[in-house]
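Participant: With our numbering, you'll find the sequence shown wraps up at 76, consecutive numbering, no jumps.
First the structure, then my questions, so here it is.
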Amino acid sequence: MRSNPRDWRIEDLKVVANSLGIDYDQGGTSHVVFRHPKGGRLSVPARRPIKPVYIRLFLELIDRLGNPQ
């Protein structure tokens with residue numbers, strides 16, 4: 008993700024979130040909200056592909072957890 012922040016899908020982010028213990032919820036909306044008590048919250052549009060800026064923000068959320076990938 009760090010070397011290529013393009014062409015990611017929301018399903019990919021959900022898989023990574025599950026592996027790191029990050030909760031997420033879509034709730035019938037066009038955005039998925041990722042949450043973790045240590046890392047905070049991030050809302051990502053569920054369109055495909057996800058814009059690189061949201062991938063970078065997702066990586067920042069991971070970094071705040073102390074789990075760089």
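Backbone N, C-alpha and C fix where the C-beta goes; we use that ideal spot for every residue, glycine too.
The structure displayed is predicted, hence computed values, not measured ones.
1) Could you have a look at isoleucine 57 and say whether DSSP puts it in helix, strand or coil?
2) State the CB to CB distance for the pair histidine 38 and proline 52, rounded to an integer number of angstroms; the pair is presumed to be in contact (CB under 8 Å).
3) Let me know the secondary structure DSSP gives serine 26 once reduced to three states.
4) In angstroms with no decimal places, state the Cα-to-Cα distance between leucine 77 and isoleucine 57.
5) In angstroms, rounded to a whole number, what distance separates the CA positions of glycine 46 and tryptophan 15?
Facilitator: Looking at the atomic coordinates:
1) If DSSP states are grouped into helix, strand and coil, isoleucine 57 belongs with the strands.
2) Contact flag correct, Cβ pair sits at about 5 Å.
3) The answer is helix: DSSP assigns serine 26 an H, G or I state.
4) Limits of the chain in this structure are 8 at one end and 76 at the other, which puts residue 77 out of reach.
5) Looking at the two C-alpha atoms, the distance is approximately 21 Å.
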